[in-house]
Amino acid sequence: MKKILITGASGFVGSFLVEEAINRGLATYAGVRSTSSRSFLSHEKIQFFEMDFSNKTDLENKLAQTQFDYVIHCAGVTKADTKEDFFKYNFELTKTFVEVLKKTNPTLEKFIYISSLASYGPADNHPTEVVLESNTPHPIDTYGESKLATEQWLQSLSSFPYLIFRPTAVYGPREKEIFIFFKTFSKGIEGHIGRVPQKATFIYVKDLARLVLDATLSEISQKSYFVSDGNHYPTQELGRIARKVLQKNPFQINIPISIVQVIAAINEGFGRLTGKMPPLNLEKVKILKSKNWQCDTQPLKNDFNFAPAYDLEQGVTEALHWYLENKWL
Ligand SMILES: NC(=O)c1ccc[n+]([C@@H]2O[C@H](COP(=O)([O-])OP(=O)(O)OC[C@H]3O[C@@H](n4cnc5c(N)ncnc54)[C@H](OP(=O)(O)O)[C@@H]3O)[C@@H](O)[C@H]2O)c1
Numbered sequence: 017m018k019k020i021l022i023t024g025a026s027g028f029v030g031s032f033l034v035e036e037a038i039n040r041g042l043a044t045y046a047g048v049r050s051t052s053s054r055s056f057l058s059h060e061k062i063q064f065f066e067m068d069f070s071n072k073t074d075l076e077n078k079l080a081q082t083q084f085d086y087v088i089h090c091a092g093v094t095k096a097d098t099k100e101d102f103f104k105y106n107f108e109l110t111k112t113f114v115e116v117l118k119k120t121n122p123t124l125e126k127f128i129y130i131s132s133l134a135s136y137g138p139a140d141n142h143p144t145e146v147v148l149e150s151n152t153p154h155p156i157d158t159y160g161e162s163k164l165a166t167e168q169w170l171q172s173l174s175s176f177p178y179l180i181f182r183p184t185a186v187y188g189p190r191e192k193e194i195f196i197f198f199k200t201f202s203k204g205i206e207g208h209i210g211r212v213p214q215k216a217t218f219i220y221v222k223d224l225a226r227l228v229l230d231a232t233l234s235e236i237s238q239k240s241y242f243v244s245d246g247n248h249y250p251t252q253e254l255g256r257i258a259r260k261v262l263q264k265n266p267f268q269i270n271i272p273i274s275i276v277q278v279i280a281a282i283n284e285g286f287g288r289l290t291g292k293m294p295p296l297n298l299e300k301v302k303i304l305k306s307k308n309w310q311c312d313t314q315p316l317k318n319d320f321n322f323a324p325a326y327d328l329e330q331g332v333t334e335a336l337h338w339y340l341e342n343k344w345l
């Protein structure tokens with residue numbers, strides 16, 4: 017049985033990757049920290065693989081004991097206090113991990129890196145209106161810069177079987193950030209930011225997991241892909257679907273971007289004091305202000321025959337039912 021290690025397994029995306037890997041009949045190792053929650057990792061077939069990226073010797077000893085066929089590196093941070101932290105947790109730790117893997121797991125067949133569309137930035141000023149692989153990347157936040165640096169380092173490795181995936185906003189059950197919109201919605205307020213129309217893009221977490229496992233098991237390597245469901249949506253679409261599913265009619269407010277910026281700055285100040293960066297911070301405002309997040313998904317169709325099973329309405333409906341059943345709403 018082929019062995020796969022999935023890092024960041026305790027997180028939102030990672031937990032779905034683990035489930036998909038088990039569905040494919042792989043011996044599935046959930047890469048977790050000793051402190052990681054295991055609440056979404058209850059499947060009896062999961063084997064836990066405790067790892068500490070900051071301890072290279074320990075990592076080397078552990079990885080030398082198990083030869084993996086595939087690795088999906090999904091661990092990463094989307095919020096951090098400083099630029100140094102973003103680079104430490106997204107770039108440096110990936111670099112250490114890959115160096116150790118190359119030494120200890122020389123027969124590794126595939127290394128998948130879960131990057132982000134943030135590494136290229138939005139399509140706001142692109143003549144094609146869609147982010148293409150051939151564009152020069154223009155990340156607009158530090159998170160995107162750290163993801164881009166990691167991608168560029170991986171792409172410099174001539175004989176390493178990497179694949180890079182750059183998902184746009186991922187949503188679905190267990191997700192905690194877009195969820196804040198639904199939570200506020202269910203409490204009677206539908207909040208939107210600014211009045212500029214947006215072309216937002218999304219991918220449902222189960223479609224992402226299916227795609228990534230198809231790619232893992234494919235013969236393709238040393239390529240990079242953007243991931244979305246191929247559509248673009250006005251941001252009001254989330255509210256329209258939530259109104260239908262939750263049968264609520266909340267009070268709608270449009271918060272001017274200048275006010276959001278002030279709230280984000282205050283949040284960020286508290287975040288630094290408490291050591292826990294809140295979801296709405298100044299970096300996040302840069303993302304929310306962007307108007308167009310369309311990206312080219314044709315290569316996914318060409319190489320993996322990828323067709324999403326969920327559009328936003330189907331995915332949000334399923335996610336909202338999960339939030340209700342699990343008493344998050
Ligand atoms: N969600 C999205 O919309 C989206 C979009 C594009 C790309 N991505 C990428 O997808 C990946 C997963 O994101 P997510 O939304 O699932 O985030 P998440 O729920 O916050 O999960 C992050 C995972 O990374 C692990 N992790 C973080 N820092 C670590 C460290 N220093 N050492 C070891 N493990 C560490 C966490 O482990 P603990 O549980 O121990 O903290 C957790 O398992 C990230 O790389 C992110 O950049 C996400």
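Residue numbers (the working numbering): 17 to 345. Here a beta-carbon is modelled for each residue, glycine too, at the ideal position from N, C-alpha and C. Since we're looking at a predicted model, the values are computed, not measured.
- In this structure, Phe201 is the residue among Glu108, Phe242, Leu227, Phe201 with its C-alpha nearest to the C-alpha of lysine 260.
- At least 8 Å separates the beta-carbon of aspartate 85 from that of glutamate 36.
- According to the DSSP assignment, tyrosine 105 belongs to no beta strand (DSSP E), since it is labelled neither H nor E.
- Of the residues Gln330, Gln310, Phe322, the one whose Cα lies closest to the Cα of threonine 144 is Gln310.
- Lysine 163 sits in a helix when the DSSP states are folded into three classes.
- Taking the Cβ of leucine 164 as the reference point, every heavy atom of ligand 1 lies at 7 Å or farther away.
- Secondary structure of glutamate 149 (DSSP, three-state): coil.
- Remark: C-beta atoms of tyrosine 136 and histidine 89 do not approach each other more closely than 8 Å.
- Here lysine 95 is not near serine 132, since their CB atoms are 8 Å or more apart.
- Under the Cβ criterion (8 Å, minimum of three pairs), the segment 245 to 258 does not count as touching the segment 164 to 177.
- Under the three-state reduction of DSSP, histidine 142 is assigned to coil, being neither helix nor strand.
- Residue environment: leucine 336 is assigned as buried (16 or more neighbouring CB atoms within 10 Å of its CB, all protein chains considered).
- In the DSSP assignment, proline 213 falls outside any beta strand (DSSP E) and carries neither an H nor an E.
- Around the beta carbon of histidine 59, fewer than 16 other beta carbons lie within 10 angstroms, which makes this residue exposed.
- Straight across, the Cα-Cα distance linking leucine 173 with threonine 73 is about 22 Å.
- Per DSSP, the unbroken beta strand (DSSP E) holding glycine 47 starts and ends at 43 to 48.
- Considered as a whole, the segment 23 to 83 harbours 28 to 39, 72 to 81 as its complete alpha helix (DSSP H) runs of no fewer than 4 residues, in chain order.
- Minimum Cα-Cα distance from glutamine 314 among the listed residues Lys307, Ala281, Pro324, Lys305 corresponds to Pro324.
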